[in-house]
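Here the sequence shown is numbered in this note's numbering, starting from 184 and rising by one per residue. Cβ atoms here follow ideal geometry from the backbone N, Cα and C, with glycine treated the same way. Keep in mind that this is a model prediction, so the values were computed, not measured.
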Amino acid sequence: MPPQATDPKELQTHEARCADAAARDVALTVPLSKPIEHGGTTYTQLDYQPMTGRHLREMPTSGMTIGHLLNIGGSMACIPDGLVDKLPPEDVRNLTDVVNAFLLRIQGIAD
């Protein structure tokens, strides 16, 4: 089971994201460019769930920003917001690439 958030501000969001974490499927695992410490846990990779309606609730119908992609990707990887904020640029790129790939698949543009 993924580690729990330790910051009270993150706890409610993280628990909502990860309520089903114990039973989740992993669609894709992406190693981080370097280990990241957060909440007493060292993260070396992100395990992404398959995209579902739960993740898409966070997506606007127009005006998508990098913040939206980070929120969706963090939700798919079941990680706390504070960890998303610590990702270096190369891992942010990987996270947004994962989200975009799933979105293209949903739209039928990619296989």
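Item	Value
Same chain, Cβ closer than 8 Å to Leu211, five either side skipped, listed in chain order	Asp230, Tyr231 and Val281
Backbone secondary structure at Ser216 - three-state DSSP	strand
8 Å contact criterion, which Thr225 and Pro218 should meet: CB distance rounded	5 Å
When Ile249, Leu253 and Leu239 are compared against Gln290, the one with the closest alpha-carbon	Leu239
Segment limits, alpha helix (DSSP H) that includes Asp208	Here Asp208 belongs to no alpha helix (DSSP H), and DSSP marks it neither H nor E.
Limits of the unbroken alpha helix (DSSP H) element including Leu253	Ile249 to Ala260
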